[in-house]
Every structure is written in C-alpha cells, then in structure tokens.
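**Q** Residues -26 to -1, 1 to 483 in mature numbering (1 follows the signal peptide of the UniProt record, and there is no 0) are what the sequence shown spells out, letter by letter.
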Amino acid sequence: MAPFQRQVQGVVLLIFLFSRPYLIESQTYRDFPKLFNAAQFKPISTTPSGSTCGIPTRSAYCKSSVYESSLSRCFQDLCEQDCPRRTSLPSYSNLLLASNFGDCVHRDTVNVRPGNSSEDFSSVFNNGPRCYLTPLQTSELGTEDGVRMFTLAVWIWQETGNEGTIYQKVGDNSKTILQVRVSSSNIHIYYSTSSGFYHLKSLDSIPAETWTHLGIQVYGTALSVFLNGLGVGFAASDTYTLAGQIHNGTATEVRVGQAVNGSDQFLGRLQDFRFYPVTLTNREIEEVTSGVLPSVHLQTACRCPPSHPRVKPFRSRFCIKNGVPDNTINQVLRLNNYSHPLEFLNDGDGNSIWVSSFLDDVTITINLQDEFQVFYVVLQFYSPLPTTVTIERKRAGSPVWERWQLYASDCNAVFGLDNNGPLPSPTSVNCLQFGSSSLPLPLSKGNVTFNLLAPEPVPRPGHNDFYNTPDLYQFVKASQVRVRLQGHFNVTQSRHRYYGLQEYIVTAR
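(1) Using 8 Å as the cut-off, can you tell me whether the segment 393 to 404 makes contact with the segment 458 to 470, which would need three or more C-beta pairs spanning the two stretches below that distance?
(2) Assign VAL40 to buried or exposed, taking buried as 16 or more other Cβ atoms, counted over all protein chains shown, within 10 Å of its Cβ.
(3) Output the residue ranges of the beta strand (DSSP E) runs that lie fully inside the segment 293 to 362 and measure 3 residues or longer, sorted by chain position.
(4) So GLY203 and GLU260 are in contact, right, with Cβ under 8 Å, and what is the actual spacing, rounded?
(5) At least one CB of chain D closer than 8 Å to the CB of ASP323: is that the case?
(6) Which partner residues does VAL388 have in the DSSP bridge list?
(7) With DSSP as the reference, label PHE247 as helix, strand or coil.
(8) Between the beta-carbon of ASP445 and the beta-carbon of PRO400, is there less than 8 Å?
(9) By how many angstroms is the C-alpha of GLY135 removed from the C-alpha of SER157?
(10) What residues in its chain sit with their C-beta under 6 Å from that of SER412, if we drop five residues either side in the sequence?
(11) Answer yes if the segment 71 to 87 comes into contact with the segment 281 to 294, meaning at least three C-beta pairs across the two stretches below 8 Å, and no otherwise.
(12) In this structure, does DSSP put GLN(-20) in helix, strand or coil?
(13) In three-state DSSP terms, what is GLN448?
(14) Based on Cα-Cα distance, which residue from GLN347, SER281, HIS271 lies nearest to GLU317?
(15) Determine which residues share a DSSP beta bridge with HIS162 and list them.
(16) CB-CB under 6 Å to ARG277, same chain, minus the five flanking residues each way: which ones, in chain order?
(17) Would you mind reading off the limits of the beta strand (DSSP E) that contains GLU118?
(18) Looking only at its own chain, which residues have a Cβ that is under 7 Å from the Cβ of ASN464, when we skip the five neighbours before and after it?
(19) Under 8 Å between the Cβ atoms of ASN320 and ALA13?
(20) Sort out for me which residues DSSP pairs VAL199 with in a bridge.
(21) Counting only the same chain and skipping the five closest in sequence on each side, list residues whose C-beta sits under 8 Å from that of PHE349.
(22) Can you give me the C-alpha to C-alpha distance between ILE180 and SER281, rounded to a whole angstrom?
(23) Between PHE332 and LEU475, is the Cβ-Cβ spacing less than 8 Å?
(24) Just curious, the beta strand (DSSP E) that VAL465 is in, first and last residue?
(25) Determine the burial state of SER43: buried for a count of at least 16 other Cβ atoms within 10 Å of its Cβ, exposed for fewer.
(26) Do you know how far the Cα of THR112 is from the Cα of PRO88?
(27) Who are the near neighbours of ALA440 in its chain, counting only those whose CB is closer than 8 Å to its CB and skipping five residues on each side?
(28) Quick check on PRO(-6): buried or exposed, where buried means 16 or more other Cβ atoms within 10 Å of its Cβ?
(29) Just to check my reading of the structure: GLN239 and ASN101 have Cβ atoms closer than 8 Å, yes? What is that Cβ distance to the nearest angstrom?
(30) Do SER313 and GLN55 have their C-beta atoms within less than 8 Å of each other?
(31) Where does VAL121 fall in DSSP's three states?
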C-alpha cells in the first residue's frame, strides 16, 4: 500500500472515532460485589439439638490451650446458659385502676390505642374540678444498691391545644415529688431531690389527636424518654442527666389527669398507664409498646441490667448506657459470665466461644436465607480439631445436600478416598488429610479453611479462570451450609471431649 493511501485511511479512522464518541463513552464498568461474611447473625442449629454445654443445667469442662500440659491436666471452667437477670416483664401498678370514674372521667371503648383488644378501654378526661383519677395502687420508687429507679409507660391521645398534667405525686406539705405534664410541643418533668426542686423540659413532642406511647425510664440520675418504642439501634428518643436522684418520700396524694391543686387539666385520653418500680430495659419498653420483645442474635430472653439498659448494636452480648456512642467500651455482659451459646459461632466476635456438650459427633447448619456465591468456609477452633470434618451445601429450592469438601485423619479409612486426592474436574470433591504439611494439628486455636478456588494443596480446575468455567460458577453457589464434626484429636480427659469454636465464617457475595 502506498504511503499516501495509508495516511488517508488513518485520517478516515480518526474522523470516524472522534465523530462517534458514544462508542467509547457508552462502555460502563462496575465493581464486583464485595465479599462479606454471609453467615453472620443468620439462623444456626445443631443436630442433635441441644448440643451446647450447660443445657439444661450448669456443667464443667476442661479448658483448651496451646500448651501440651492442658491435655494431661484439667483446668476447669464452667458453662451455664441461664440468664443472669429476669426473662419477662416485671409487675407494675395500674395507674388507671381507680374508683372515681364518673361523668368527668369516663371509659371509652371506641377511640382506643393501636393493637387494642375488644375488652380494653381508654380513659377520657374532660375539663372540671373533679376530672382526675386517684390510683388505687401505689407508685413507690424502687431501689437497687442505693440507686433509685422507676419507669412510667402510657398511651396518650391529647386534644388540640392541650397542656396538662398526666401524673403528679406529692408528699408532706404538698411538696411535689414527681410531676409529668404533656403538650403538643414539649414534655415537662418536675421532680424533687435532696437538694431542691427542678424542672426538665424535653423537646420531644406528642402530636395532637394521635395515639402516642410515652415511656420515661429513670435509673439514678439518668432519665430517658421513649416515643412509640425504640429508635434506631435500640436507642431512646432522648437521654438527660437529672440534678440528683428523685426523692423517694412517702406519697400523701397521687393524681392522674390533673395537678393536685386542681390546675393543669389534661384534656384527652390515657390508656395502659403503668408504673414500674424498676428500670425497664430499652427492649422491654418496646415490648410494652408493641407487645413484642425485639429479638437479638444471642439469647433474646436475657435482659440488660438497669444501669446499662440498651443492647449494644452489633455486639448483642453486651449492654451499654443510653446517650453514649454505639462503640463505647463502657459495657457490661447481658448474658451469663459462663455462657457459651451456639449463636456465639456466627456473632462476628472472635472473642466469644461456643462450647458443645460432651459428644463425638455433631452437625452445625447455617441458613444463609438467600443463595450466594461462596468462596470460603472457615472454622476457627478453640478446642483441638476433630478427626473428621464434612462440609456440605444446599442450593436454593433443592432438598438435596451435596458434599463440598472432606477432611480426615485417614481419608481412605473414613471415606474410601485417597489422602489429598486429585480433583479431575471443577466440581470434584476430594479429602484432605489432617496432619499433612498443609493441615497441621495445633492443640488449640486451629483453623479449617475450605477455599473453593484453591490453587493448593490440590489445585481445583478453573480456579484461575472462574468466569470461563461454567461448572465451577455453579459449584460455588449455596443457600445453606452445614459441617459435620466427628472424633477428637489429642483428647485424653473425658471433660475435654467437646467441640469449641470461635467463629463459623462463610465468605460470599
């Protein structure tokens, strides 16, 4: 081709490219989804069920250690799954249980709170000198180690323009011990301490002519307000510091719906007005509001202590105070100190340990609740390793469990397969031998890591060309994963005959 012809063709090509830029600009690039632990906080179970230590009663086991002396001697630890505090709502005083209902304060079964049963009613407060109720049940503050505490919970429907007292408790010389006034713009709390009388104004508002649940939680000098249950991350609406602990004097009079001196008339409806002589936890306030205790990954029934009433987000075995950052280190255990529940296996916390009961065979199943591409299954052990591990998967919509990977001290004796046998195809399953150079046997803290695209010790065909290997692309998919643990390495003490794991990780996308 002549030089002139080549130059003309080059110019034509450049004109074509630059005159049609969309050929280049229309190409879009997207990142692959990031890998994450698809097993974290997902439903987990064992076969046989109840394979966790400390069920139904407290038990003792021998601690595991990387030191050889732990195999011949027993350094005992305990396992107890019982909750350290209450597991249900405490008793309360019904502040709407009164004998002075009449024309001024009457019952209504039509305009009632959400979720109301057909037998319940609201209490309607009109305007008048006798438009209040005198509760028949007491509302004395509770104490714990010198700390005073209580919780008020009530459903409120207030008329437009209302600004009135829903609760007042007075002591000697008509001195106000505690008073709560509500309006459409503020919540006012008046209280007495050993040093004086104080007023706290909350910026939280209760809308008019709308049913709203109000919770006031007090522990010592910490006061938290809740509107319609919990906020994000088990949080209160607002938290305040009182000037001192509320006075615990004997009440001479308690009124609901009006101040003791006849002023501050509340106009509207009240329902389920409860006084608890304890500090309800944040989740319990939601339970009072909705009738359902919010579930958490670890032992939902166990409550936080009153000093730290909020479950710590993403670390639900701990509790924290209200009004502090989610990542605070001022935390206390919600569970028993000796608790090792199954849910520790996939709580994302490598410092927690699941300990099984004394057995030689257990299967642990995690439901991923969707189908993912799985690239790693990792078992982080606290105890010595089992002598046999079977990893299986189940596809979405399939009733069949399929083998994924096998491990054994002697693959031929257990599975009839060669030790570290070949993988002829991308979907082949082999057995890797424990104790080989690729799978050492630590006395504790050992890992079993199943890499679905492993280049070693036995390379899987297509591991380095995943998207051009259709069979392998399907082979990594799973909606459920289960592992079967059998036998024990290095166990001589009977109370060492358990499985202990720190984490069960399924890395996927």
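Don't be surprised by glycine CBs; every beta carbon is placed ideally from N, CA and C.
**A** Taking the coordinates as given:
(1) Result no; under three Cβ-Cβ pairs closer than 8 Å.
(2) Residue environment: VAL40 is assigned as exposed (fewer than 16 neighbouring CB atoms within 10 Å of its CB, all protein chains considered).
(3) Correct list: 335 to 355.
(4) About 4 Å; that satisfies the 8 Å criterion.
(5) The displayed structure is made up of one protein chain only, and chain D is not part of it.
(6) Per DSSP, none; premise fails for VAL388.
(7) It is a strand residue.
(8) Taking the C-beta atoms as reference points, PRO400 is found nearer than 8 Å to ASP445.
(9) Near 7 Å, if we compare the C-alpha coordinates of GLY135 and SER157.
(10) Cβ neighbours of SER412 beyond the five flanking positions: PRO431.
(11) No, the segment 281 to 294 is not in contact with the segment 71 to 87.
(12) Any reading at GLN(-20) needs caution, since the residue's pLDDT is 44, under 50, leaving its predicted position unreliable; the model's value is listed next. Shown here, GLN(-20) sits in a helix according to DSSP, grouped into three states.
(13) Helix, per DSSP.
(14) Of the listed residues, the one whose Cα sits closest to GLU317 is HIS271.
(15) Beta-bridge pairing links HIS162 to ARG155, LYS175.
(16) ARG59, ARG60, THR255, listed in sequence order.
(17) Per DSSP, GLU118 belongs to the beta strand (DSSP E) from 116 to 118.
(18) These residues qualify, in order along the chain: LEU45, PRO358, LEU417.
(19) Yes.
(20) VAL199 is bridged to ILE190, ASP212.
(21) The answer, listed in chain order, is LEU9, ASN425, LEU426, LEU427, VAL450, THR481, ALA482, ARG483.
(22) It is roughly 27 Å from the alpha-carbon of ILE180 to the alpha-carbon of SER281.
(23) Annotated as distal: PHE332 and LEU475, with beta-carbon spacing of 8 Å or more.
(24) Here VAL465 belongs to no beta strand (DSSP E), and DSSP marks it neither H nor E.
(25) Residue environment: SER43 is assigned as exposed (fewer than 16 neighbouring CB atoms within 10 Å of its CB, all protein chains considered).
(26) PRO88 and THR112 have their alpha carbons spaced roughly 27 Å apart.
(27) A small fix is needed here, since residue 440 is Phe in this sequence, not Ala. So the qualifying residues of the chain are LEU427, LEU446, TYR447.
(28) Residue placement at PRO(-6) is poorly supported in this model, since its pLDDT is 43, which falls under 50; the coordinates are not used for a value here.
(29) Contact holds; Cβ gap of about 5 Å.
(30) Contact: yes.
(31) Residue state, collapsed to three classes: strand.
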